[in-house]
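Undergrad:
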Amino acid sequence: MIFTKRLLQLNRSLPSVLALAALAAAASAADPNNRFVGRWALTVPGGGAGWLGITAEKGYYDGSILWIAGSVEPVDSVFVFNDALHVTRTRDVQRKDSNGKVVRTQRFTDLITATADGDELKLTIFRPRANGD
(Lines of atoms letter the chains of each structure in order from A and count residues from 1; the text may use other names and numbers.)
(Lines give C-alpha, C1' and ligand atoms only; values in the text may rest on other atoms or scores of the structure.)
Protein backbone atom coordinates (compact mmCIF):
# COMPACT_ATOMS: atom_id res chain seq x y z
CA MET A 1 0.00 0.00 0.00
CA ILE A 2 1.19 3.50 -0.73
CA PHE A 3 0.02 6.59 1.07
CA THR A 4 0.67 10.07 -0.24
CA LYS A 5 1.25 13.06 1.99
CA ARG A 6 -1.22 15.76 1.15
CA LEU A 7 0.20 19.22 0.93
CA LEU A 8 -1.88 22.03 2.35
CA GLN A 9 -1.90 25.28 0.43
CA LEU A 10 -1.04 28.28 2.53
CA ASN A 11 -2.68 31.58 1.72
CA ARG A 12 0.16 33.68 3.11
CA SER A 13 2.71 36.12 1.86
CA LEU A 14 6.05 34.85 0.53
CA PRO A 15 8.05 35.88 3.65
CA SER A 16 5.68 33.93 5.89
CA VAL A 17 5.94 30.86 3.66
CA LEU A 18 9.75 31.08 3.64
CA ALA A 19 9.82 31.44 7.43
CA LEU A 20 7.58 28.40 7.83
CA ALA A 21 9.75 26.42 5.42
CA ALA A 22 12.89 27.36 7.36
CA LEU A 23 11.29 26.32 10.65
CA ALA A 24 10.13 23.03 9.14
CA ALA A 25 13.59 22.34 7.73
CA ALA A 26 15.21 23.10 11.09
CA ALA A 27 12.77 20.85 12.93
CA SER A 28 13.27 18.10 10.39
CA ALA A 29 17.05 18.36 10.66
CA ALA A 30 16.85 18.21 14.44
CA ASP A 31 14.61 15.13 14.42
CA PRO A 32 14.75 12.85 11.36
CA ASN A 33 11.58 11.10 12.57
CA ASN A 34 9.60 14.25 11.76
CA ARG A 35 9.32 13.01 8.17
CA PHE A 36 6.41 10.90 9.46
CA VAL A 37 4.60 13.87 10.99
CA GLY A 38 1.71 15.22 8.96
CA ARG A 39 -1.55 14.31 7.32
CA TRP A 40 -1.48 11.36 4.96
CA ALA A 41 -4.16 10.42 2.45
CA LEU A 42 -4.71 6.66 2.39
CA THR A 43 -5.55 4.47 -0.58
CA VAL A 44 -6.86 1.24 0.91
CA PRO A 45 -6.87 -2.08 -0.96
CA GLY A 46 -10.14 -2.48 -2.81
CA GLY A 47 -10.26 1.22 -3.68
CA GLY A 48 -11.36 2.60 -0.32
CA ALA A 49 -10.02 5.82 1.08
CA GLY A 50 -8.77 6.78 4.50
CA TRP A 51 -6.62 9.21 6.39
CA LEU A 52 -3.71 9.01 8.86
CA GLY A 53 -2.57 11.95 10.96
CA ILE A 54 0.70 11.84 12.94
CA THR A 55 1.67 14.63 15.34
CA ALA A 56 4.82 15.30 17.36
CA GLU A 57 3.86 16.25 20.90
CA LYS A 58 6.21 17.21 23.73
CA GLY A 59 8.22 14.04 24.16
CA TYR A 60 6.01 11.63 22.20
CA TYR A 61 4.17 11.01 18.94
CA ASP A 62 0.41 10.75 18.62
CA GLY A 63 -1.96 9.94 15.81
CA SER A 64 -5.45 9.37 14.51
CA ILE A 65 -6.85 7.33 11.65
CA LEU A 66 -9.88 7.05 9.41
CA TRP A 67 -10.07 3.65 7.76
CA ILE A 68 -12.49 3.48 4.79
CA ALA A 69 -15.61 4.65 6.64
CA GLY A 70 -16.73 5.97 10.00
CA SER A 71 -15.09 8.62 12.11
CA VAL A 72 -11.52 9.67 12.67
CA GLU A 73 -10.36 7.79 15.76
CA PRO A 74 -7.27 8.12 17.95
CA VAL A 75 -4.72 5.33 17.63
CA ASP A 76 -3.43 3.54 20.72
CA SER A 77 0.27 4.21 20.23
CA VAL A 78 2.75 5.72 17.79
CA PHE A 79 6.50 5.16 17.94
CA VAL A 80 9.55 5.14 15.68
CA PHE A 81 11.87 2.13 15.74
CA ASN A 82 14.50 0.97 13.22
CA ASP A 83 13.80 3.91 10.90
CA ALA A 84 10.11 2.98 10.61
CA LEU A 85 6.90 4.41 12.04
CA HIS A 86 4.78 1.97 14.03
CA VAL A 87 1.11 2.63 14.81
CA THR A 88 -1.05 0.35 16.94
CA ARG A 89 -4.80 0.07 17.27
CA THR A 90 -6.60 -2.31 19.59
CA ARG A 91 -10.03 -3.88 19.33
CA ASP A 92 -12.00 -5.94 21.78
CA VAL A 93 -13.48 -9.27 20.71
CA GLN A 94 -16.20 -10.68 22.93
CA ARG A 95 -16.43 -14.45 23.32
CA LYS A 96 -19.96 -15.65 24.07
CA ASP A 97 -21.40 -18.91 25.30
CA SER A 98 -24.28 -20.73 23.59
CA ASN A 99 -26.77 -18.45 25.39
CA GLY A 100 -25.11 -15.31 24.06
CA LYS A 101 -23.60 -14.34 27.41
CA VAL A 102 -20.13 -12.78 27.22
CA VAL A 103 -17.73 -15.15 28.97
CA ARG A 104 -14.44 -13.58 27.89
CA THR A 105 -13.24 -10.42 26.21
CA GLN A 106 -9.95 -10.56 24.36
CA ARG A 107 -8.00 -7.59 23.06
CA PHE A 108 -6.36 -7.82 19.63
CA THR A 109 -3.68 -5.39 18.48
CA ASP A 110 -3.35 -4.27 14.86
CA LEU A 111 0.14 -3.08 13.91
CA ILE A 112 0.73 -0.68 11.03
CA THR A 113 4.39 -0.23 10.07
CA ALA A 114 5.39 2.57 7.69
CA THR A 115 8.62 3.48 5.96
CA ALA A 116 9.07 6.86 4.31
CA ASP A 117 10.02 7.15 0.65
CA GLY A 118 10.00 10.84 -0.23
CA ASP A 119 6.40 12.05 0.00
CA GLU A 120 5.03 8.52 0.28
CA LEU A 121 4.65 6.04 3.09
CA LYS A 122 4.83 2.34 2.34
CA LEU A 123 2.80 0.38 4.84
CA THR A 124 2.62 -3.15 6.11
CA ILE A 125 -0.40 -4.03 8.21
CA PHE A 126 -0.54 -6.95 10.62
CA ARG A 127 -4.14 -7.59 11.69
CA PRO A 128 -4.81 -10.85 13.54
CA ARG A 129 -8.15 -12.48 12.81
CA ALA A 130 -10.54 -12.72 15.72
CA ASN A 131 -10.86 -16.49 15.25
CA GLY A 132 -7.10 -16.98 15.69
CA ASP A 133 -6.40 -18.18 12.13
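Per this note's numbering, the sequence shown runs over residues 7 to 139. Glycine is no exception: its CB is placed at the ideal position from the N, C-alpha and C atoms.
Out of Arg110, Leu72, Thr119, state which residue places its alpha-carbon closest to the alpha-carbon of alanine 136.
TA: Selected option, being the one with the closest Cα: Arg110.
Undergrad: Among residues of its own chain, excluding the 5 on either side of arginine 133, which ones have a beta-carbon nearer than 6 Å to its beta-carbon?
TA: Around arginine 133: Asp116.
Undergrad: Entirely within the stretch 55-106 and at least 3 residues each: give me those beta strand (DSSP E) ranges in chain order.
TA: The qualifying runs are 67-73, 83-87, 90-102.
Undergrad: Does the beta-carbon of arginine 69 have 16 or more other beta-carbons within 10 angstroms, so that it is buried, or is it exposed?
TA: Reading off the sequence shown, one finds glycine at residue 69, where the question assumed arginine. By the neighbour-count rule (16 or more Cβ atoms within 10 Å), glycine 69 is buried.
Undergrad: Could you work out which residue in His92, Thr49, Arg101 is closest to tyrosine 66 when comparing CA atoms only?
TA: The candidate whose alpha carbon is nearest that of tyrosine 66 is His92.
Undergrad: What are the boundary residues of the beta strand (DSSP E) that phenylalanine 114 is part of?
TA: 108-123 is the extent of the beta strand (DSSP E) around phenylalanine 114.
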